[in-house]
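Below is one structure, written out as structure tokens; the observations come after it.
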Amino acid sequence: VKVGYENGTTLSLTPEGLIKTLHKKHPDREIPFHQNFLYYRGAVGNNNLPEGGERSSGAYIFRPNGTVVPILSKPTTKLVKGPVVTEIQQKYNNWLSQVIRLYNGSDHVEFQWSVGPIPFQEGLEKPFGKEVITRYTVSTLHNNGIFYTDSNGREMIKRRLNYRPTWQVELLEPVAGNYYPVTTSINIKDINNPSQSLSVITDRSEGGSSLNEGQIELMLHRRLLHDDAFGVGEALNEMAFGAPLVAVGSHYVTLDSCAKAKMLVQEKVLDSWIFISSNQGLSYEKWK
Amino acid sequence: SFDISEAKEVMGVLQHHDSITGTEKAHVASDYARMLTNALKTVELAASFGLGKLMRKGLAQKWILTDSPKFTSCLLLNISSCPETESARSFVITIYNPLSRYVNKLIRFPVVNTQLSYIIRGPNGENIPVQMVPLSEIINIPGRVSDASVEIAFIAKNIPPLGYKSYYVESTKVKSPDFFISEAVELTEP
């Protein structure tokens, strides 16, 4: 199935309802593009400090126990077409759903995700928490382990996998050790063709990385059941309305140049304000 | 003048690393949410005053608004909940652009009555293409209080820099040619 607009972006979907390719109008090209959800299992330790070897994943520390679990690769998918917006509405399970939006006349794709209440497996002696991520992949893009994040909220800072600029580093925790703060955007570029890039613009600060070639991942929501012994004294297990927290947010994804992505960052971060007011009972002509 | 000092003070408090990263205790997070919500209400009043002033300025001497309309914002639009758009049959949406260049913006707001047609008129009286979109699973969130099962979507084009555009929204029983009802078609089954 192909969906989208002739004057903007078109997506093609697999029979499972997942994105297969993204077709851009300017310049005219089709790019293999994929998005999926996974979760890391949080490490469960005894917090036997100061060694720290047995520290649990918690509010202060992202510490996966080494396993990443893909979340069902065949969501229930509904398609909503129209002249203004096209939506691909996906439900993965009772705690994970997503709306992929294409706007008529726009080049970017919006992914509005809803994660939670995150369940945990009952009956285990030490139930682990889940740290849910989304991954965007352009399989033809080779970034050679280099990615960019705006961690200080001011400029895009160059990052390299398993590398620190001022000392020789050997990362014993290769996932968490390569995660960086993302204030508004994260970006990868092709090393041979820098005009080919993938940018994800967030609506809030998130953790993110590029652990594999052509891939960007971002942490969406975490529910952990053990304190990490860094001082907060409770597990990251927030409740609202009698249930574990639900996080709703959105990403703008663009395969345009970094300069264009920067304009999109401005539109997302300094978003237009919407106000509702009464028309005071007036007809349009009188109101005008 | 209008007072946004409460918002400034709350933003000062929320600079704390616990607030930014979410490493505070749960009840502290709730307190931050309470403070921020209260502050946003004062900002809404300030924005209402500011927009009223901007409108009076824009209308120059030709027309004097004796009472500026009260502008409200829907803080729960992200979960498609907005009592103002759900209950009223006719209202005005004003979009303010804080950037120094023209922008287009997709506007979505929830409505309850799916039997009505919606007409949206732009600042020059032109009819804007409108789409009714069924809401997705995303609305099944604990704590969401709304009867809306659809949203109305339109694109506000060329909102001027540091300026605004107002759109007049009315619901009618007669279907407008610019009103499009879209349905959700199942692509894959559970």
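Those protein sequence lines, which keep their order, are chains A and B. Its first residue numbered 809, the first sequence is counted upward by one per residue in the working numbering. Its first residue numbered 15, the second sequence is counted upward by one per residue in the working numbering. C-beta: ideal position from N, C-alpha, C; glycine also.
In chain B, which residues lie less than 7 Å from residue i when you measure between Cβ atoms?
i, result
"A/Lys899", "Glu151"
"A/Tyr944", "Correct list: empty, because the minimum Cβ distance to chain B is about 19 Å."
When the Cα atoms are used, what is the spatial distance from residue i to residue j?
i, j, result
"A/Tyr847", "B/Asn118", "35 Å"
"B/Gln75", "B/Met69", "Annotation note: pLDDT 45 at B/Gln75 (below 50); position unreliable, coordinate value reported separately. Taking the straight line joining both Cα atoms gives about 11 Å."
"A/Arg968", "B/Ser150", "38 Å"
"A/Asn951", "A/Lys966", "12 Å"
"A/Lys882", "A/Thr818", "21 Å"
"B/Ile78", "B/Ile107", "A caution first: B/Ile78 carries a pLDDT of 47, below 50, which makes its placement in the model unreliable, though a value can still be read off. Spanning the two alpha carbons is a distance of roughly 20 Å."
"A/Ser1085", "A/Gly913", "28 Å"
"A/Gln1074", "B/Ile155", "29 Å"
"B/Asn111", "B/Thr51", "22 Å"
"A/His1034", "B/His30", "23 Å"
"A/Phe1049", "A/Lys997", "43 Å"
"A/Ala1055", "A/Trp1081", "22 Å"
"B/Ser163", "B/Val126", "7 Å"
"B/Val183", "A/Leu910", "23 Å"
"B/Gly66", "A/Leu904", "42 Å"
"B/Val42", "B/Val159", "24 Å"
"B/Ser22", "A/Gly961", "It should be noted that the sequence gives Lys, not Ser, for residue 22 of chain B. Rounded to the nearest angstrom, the two C-alpha atoms are 19 Å apart."
"A/Glu824", "A/Gln1023", "21 Å"
"A/Val892", "A/Glu978", "50 Å"
"B/Thr37", "A/Glu1042", "10 Å"
"A/Leu1063", "B/Ile153", "29 Å"
"A/Val983", "A/Gln843", "19 Å"
"A/Arg871", "A/Gly850", "6 Å"
"A/Leu1021", "A/Ile879", "For the sequence presented, residue 1021 of chain A should be read as Glu rather than Leu. Cα to Cα, the separation comes out at about 21 Å."
"B/Asn141", "B/Tyr46", "42 Å"
"A/Tyr971", "A/Gly985", "9 Å"
"B/Leu113", "A/Gly816", "23 Å"
In chain B, what lies closer than 8 Å to residue i by C-beta?
i, result
"A/Pro891", "Pro143, Gln145, Phe194"
"A/Gln1088", "Pro83"
Do we get a CB-CB distance below 9 Å when we pair residue i with the residues of chain D?
i, result
"A/Pro835", "Here chain D cannot be found, since the structure's protein chains are A and B."
For residue i, name the three-state secondary structure that DSSP assigns.
i, result
"B/Gly26", "helix"
"B/Lys39", "coil"
"A/Asn1087", "coil"
"B/His31", "helix"
"B/Arg135", "strand"
"A/Ile869", "coil"
"A/Ser1139", "Outside the displayed span of chain A (809 to 1096) sits residue 1139 of chain A, for which this structure offers no information."
"B/Arg48", "helix"
"A/Ser1080", "coil"
"A/Ile1024", "strand"
"A/Gly874", "strand"
"B/Ser95", "coil"
"A/Tyr987", "coil"
"A/Gly853", "coil"
"B/Thr128", "coil"
"B/Gln75", "The predicted position of B/Gln75 is uncertain, since its pLDDT is 45 and thus under 50; a value taken from the coordinates is nonetheless stated next. B/Gln75 falls in the coil class under three-state DSSP."
"A/Lys889", "coil"
"A/Lys1094", "helix"
Taking the alpha carbon of residue i as the reference point, which residue from the options has its own alpha carbon closest?
i, options, result
"B/Thr129", "B/Met146, B/Ala61, B/Gly139", "Here the sequence assigns Gln to residue 129 of chain B, which means Thr is not the residue at that position. The residue with the shortest Cα to Cα distance from B/Gln129 is B/Met146."
"A/Gly853", "A/Gln1004, A/Gly937, A/Arg962", "A/Gly937"
"A/Val907", "A/Asp915, A/Ala984, A/Tyr900, A/Phe919", "A/Phe919"
"A/Tyr987", "A/Asn1001, A/Ile954, A/Gln1004", "A/Ile954"
"A/Ser1018", "A/Pro925, A/Met1027, A/Asp1011", "A/Met1027"
"B/Lys171", "B/Ala102, B/Gly136, B/Ser196", "B/Gly136"
"A/Ile941", "A/Phe841, A/Pro840, A/Pro925, A/Gly1016", "A/Gly1016"
"B/Tyr116", "B/Leu176, B/Phe63, B/Ser180", "B/Leu176"
"B/Arg103", "A/Pro878, A/Gly1089, A/Leu826", "A/Gly1089"
"B/Ser44", "A/Met1071, A/Asn1087, A/Leu1053", "A/Leu1053"
"B/Lys39", "A/Phe845, A/His834, A/Phe928, A/Gly1039", "A/Gly1039"
Which residues in chain A sit within 9 Å of residue i, going by Cβ to Cβ distance?
i, result
"B/Lys119", "Glu1075, Asp1079, Ser1080, Ile1082"
"B/Thr99", "Ile1084"
"B/Gly139", "Tyr1092, Glu1093, Lys1096"
Starting from the beta carbon of residue i, find every residue of chain A whose beta carbon is closer than 7 Å, and list them in chain order.
i, result
"B/Tyr46", "What B/Tyr46 touches in chain A: nothing, since even the nearest Cβ is about 12 Å away."
"B/Thr108", "Phe1083, Ser1085"
At 8 Å on the CB atoms, spell out the chain A contacts of residue i, in chain order.
i, result
"B/Ser104", "Asn1087"
"B/Lys39", "Val1040, Gly1041, Glu1042"
"B/Tyr182", "Asn1087, Tyr1092, Trp1095, Lys1096"
"B/Pro156", "Pro925, Ala1048, Phe1049, Gly1050, Ala1051, Val1054"
With the cut-off set at 9 Å, would you say residue i and residue j are in Cβ contact?
i, j, result
"B/Phe168", "B/Pro143", "yes"
"A/Tyr813", "A/Thr894", "yes"
"B/Lys132", "B/Ile166", "Before going further, note that residue 132 of chain B is Tyr rather than Lys in the sequence given. Yes; because the gap between Cβ atoms is below 9 Å, this pair is in contact."
"A/Gly874", "A/Ala1037", "no"
"A/Arg1061", "A/Ile1009", "The amino acid at residue 1061 of chain A is misidentified as Arg; the sequence shows Val. Taking 9 Å as the Cβ cut-off, A/Val1061 and A/Ile1009 qualify as a contacting pair."
"A/Thr945", "A/Pro989", "no"
"A/Ile896", "A/Leu980", "no"
"A/Met964", "A/Asn1001", "no"
"B/Ala198", "A/Val888", "yes"
"B/Ser196", "A/Gly890", "yes"
Relative to the ligand COA, is the shortest distance from any of its heavy atoms to the C-beta of residue i smaller than 8 Å?
i, result
"A/Leu1044", "For the structure depicted, the ligand COA is absent and the ligand set is empty, with no information on it obtainable."
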